[in-house]
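Sequential numbering of the sequence shown, starting at 2, is according to our numbering.
Every residue gets a Cβ at the ideal spot worked out from N, C-alpha and C, and that includes glycine.
Please read these numbers as outputs of a predicted model, since none were measured by experiment.
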Amino acid sequence: MSYSQRSISGNIVDEDNKGIVNASIIMKNSEMGTVSKEDGSFSLNLPEQLKSIVVSAKGFETQELTIGAKSIFDIMMIKSNKQKPQTQISGIVLDKGNRESLIGVNIVVKGTVLGTVTDLDGTFVLSVQAAPPILLAVSSIGYNSQEIEINDTNVMDLEIILEEAIEIGQEVVISASRIEERILESPVSIEKMNILDIQNTSADNYYKAIANLKGVDVASSSINFQVINTRGFANTGNTRFVQLIDGMDTQAPALNFPVGNLNGPSELDVESLELIPGASSALYGPNAFSGVLLINSKNPFEYQGLSAFQKIGMNHMNDTQSNYTAQPMYEGSLRYAKAYNNKFAFKVNFSYSVAEDWHGNSGLDRNAATNPFASIGGVNPGADRLHFQGDEAGVNLALLAQSDDFLTYGQLPLNKFSNNKFPRTYITAGDLPNHAVNITPYQEIDLIDYGAENYKFNTALHYRLNDKAEVSYTFNGGWGTSIYTGAQRYSLVNFGIVQHKLELKGDNFHVRAYGTIENSGDSYITEFLGI
């Protein structure tokens, strides 16, 4: 049996119209075919009834062509790994006044998440998979922002001059309306600390410096446990206040209020801090009745490299109320961040603080007004001393006298009675005075752990899906020992608070999910321990 055949021919070229050698031209559903010559030309005999051929070449996308009645073909192959147009930009950022290079200047492609920061020499390199024109947004704390248009695909030695900002209220915030806006344009009053403010704080920890902001009161339960208050409140546990770290509410599930900075970022990883000292329930929920604190950490794409610090100080200096002499206190932190090809970035943070906590040694009697022997300077048998634990429990002697079996050993000469009880028939009304008698207490120093410690670990993984969308995972963990003062004194021993967050952020949207896990460890209430 024979079949009629026909011949086809043509050229196979790339996008620059250059011939492709050794391109494969195969009859569909068959292994029969040919390859192109050095100039890209080919010829092939095939059955008359064949309707299509498959053309392939290394590094190019495979094509399937319908033959029809044609006999001559010019086939253009498209590279399978074809890249988007690439724009390379490098340069330096200088201060207009003294021509000194500026470190840590943000350079971002406007309308995208792509960007970089200047290094220690003030220089930067940025690769953008887009064709010009490209608009760069250049900003730095204390300087006026600029927008620079790039019109070439390869810009080398670009010199950017920034001028110091002299206008008040030009800083950008996001807390007021959840969108970027200048402080002067925000609908509410906002107090902000930027990177320079945080670095220049005189406190041993930047979180304590929040007390210097307008309208803020800080209640300190421990050397490492501070609670923020605004609008005139001064609670040691402020349930009316919301604290967000990168969008995560940091309140402890067991306490229902933020636990200071016990699981927050270290000084090295904080980009800015924004405080709204007023009602913000419309944006942040009913708990934001008296204010909101937003702490924003550094993005590993924009803040790369290794940084560390170690602080050493002393407390209990000239402490006449305690047997302790001056005690050392330590704080240290380490941060490392790295980005790869402007697509993936990560950061790792570790910080610790160790100190001898303040000692509670006040013997102030909270029941002094009921002391029956006050007129003669006698000791109050029903005293409830401030920093003595256990004397919260006691009994009134007058009530005790109403019981049939009211006494045991050690109070009256019970040896007269075989059952070691003192029958009420031997006691008449008024024989025992209307006095409260409390338990002999322990001093707080004998019950509570004053070794304040805080260890924190944070890591984040960021991946840019495209120029306008970024997905990230964040882990925050804080562990240690502290003291919380509420209605009672709580010794928080070996506690731990851990948070996990997944977030997808785009040009005009974000989706966030997070969870908080708390472990109270060996914590206890000191009053109960003393009873």
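So, is residue i buried or exposed, given that buried needs 16 or more other C-beta atoms within 10 angstroms?
| i | result |
| --- | --- |
| Asn201 | exposed |
| Val106 | buried |
| Lys1 | Because the chain is modelled from 2 through 532, residue 1 falls outside the range shown and cannot be assessed. |
| Ser8 | exposed |
| Gly364 | exposed |
| Lys348 | buried |
| Asn455 | buried |
| Gln130 | exposed |
| Gln500 | buried |
| Leu387 | exposed |
| Asp158 | exposed |
| Leu197 | exposed |
| Tyr341 | exposed |
| Gly516 | exposed |
| Asp270 | buried |
| Met330 | buried |
| Arg490 | buried |
| Glu49 | exposed |
| Ala338 | buried |
| Gln6 | exposed |
| Lys457 | buried |
| Ile366 | In the sequence as presented, Ile is not what sits at residue 366; that position holds Asp. Asp366 is buried by the Cβ-count criterion. |
| Gln252 | buried |
| Met315 | exposed |
Quick one: what does DSSP say residue i is sitting in, helix, strand or coil?
| i | result |
| --- | --- |
| Glu268 | helix |
| Gly143 | coil |
| Tyr456 | strand |
| Leu462 | strand |
| Asn236 | coil |
| Ala470 | strand |
| Gly497 | strand |
| Tyr451 | coil |
| Asp405 | Confidence is the limiting factor: at Asp405 the pLDDT is only 49, short of 50, which leaves the residue's position unreliable and the question unanswerable from this model. |
| Thr371 | helix |
| Thr527 | helix |
| Leu214 | coil |
| Asp385 | coil |
| Asp198 | helix |
| Leu398 | helix |
| Ile54 | strand |
| Gly80 | It is Lys, not Gly, that sits at residue 80 in the sequence shown. Three-state DSSP puts Lys80 in a strand. |
| Ile446 | helix |
| Lys594 | No information on residue 594 is available, as it lies outside the stretch 2 to 532 that the chain covers here. |
| Ile377 | helix |
| Lys59 | coil |
What residue from the options has the CA that sits closest to residue i's CA?
| i | options | result |
| --- | --- | --- |
| Ile224 | Ile54, Phe496, Trp359 | Trp359 |
| Gly478 | Gln227, Asn350, Thr441, Phe242 | Asn350 |
| Ala327 | Ala356, Asn342, Ala309 | Ala356 |
| Asn152 | Thr88, Gly98, Tyr485, Val114 | Thr88 |
| Leu256 | Ala488, Leu136, Arg513, Leu284 | Ala488 |
| Met28 | Val14, Ile68, Ser5, Lys38 | Ile68 |
| Phe74 | Val56, Ala138, Gly497 | Val56 |
| Tyr443 | Phe389, Lys193, Ile313, Glu471 | Phe389 |
| Ala58 | Arg465, Phe302, Ile13, Leu47 | Ile13 |
| Val156 | Asp523, Gln64, Gly92 | Gly92 |
| Ala370 | His436, Gln305, Val396, Met318 | His436 |
| Ser352 | Lys469, Ser190, Ala309 | Ala309 |
| Leu284 | Asp205, Gly248, Asn230 | Gly248 |
| Ile191 | Ile162, Asn145, Ser281, Asn236 | Ser281 |
Check whether the Cβ atoms of residue i and residue j sit closer than 8 Å, and answer yes or no.
| i | j | result |
| --- | --- | --- |
| His463 | Asn300 | yes |
| Ser121 | Ile149 | Correcting the residue type first, residue 121 is Leu in the shown sequence and not Ser. Cβ distance not < 8 Å, so Leu121 and Ile149 don't count as in contact. |
| Gly361 | Asn439 | no |
| Val217 | Pro278 | yes |
| Asn288 | Arg241 | yes |
| Val94 | Gly112 | no |
| Val293 | Val243 | yes |
| Ser53 | Leu66 | yes |
| Pro266 | Ile296 | yes |
| Glu528 | Glu332 | no |
| Thr119 | Leu127 | no |
| Asp450 | Ser492 | yes |
| Leu274 | Ile199 | yes |
| Ala24 | Ser37 | yes |
| Leu276 | Ile377 | no |
| Leu51 | Asp468 | no |
| Pro133 | Thr154 | yes |
Are the C-beta atoms of residue i and some chain B residue less than 8 Å apart?
| i | result |
| --- | --- |
| Arg465 | This model lacks chain B altogether; it includes just one protein chain. |
- Query: Can you list, in chain order, the stretches of the beta strand (DSSP E) that have 3 or more residues and sit fully within the stretch 326–350?
  - Reply: Entirely contained in the stretch 326–350, the beta strand (DSSP E) runs reaching 3 residues are, in chain order, 328–341.
- Please go through the stretch 274–321 and give each complete alpha helix (DSSP H) segment of 4 or more residues, from N-terminal end onward. List check, alpha helix (DSSP H) in window: 282–285.
- Message: Report the start-end ranges of each beta strand (DSSP E) in the stretch 91–146 that is 3 residues or longer and not cut off at the edges.
- Response: Counting whole runs of 3 or more residues, the stretch 91–146 contains the beta strand (DSSP E) stretches 107–110, 116–118, 124–129, 135–140.
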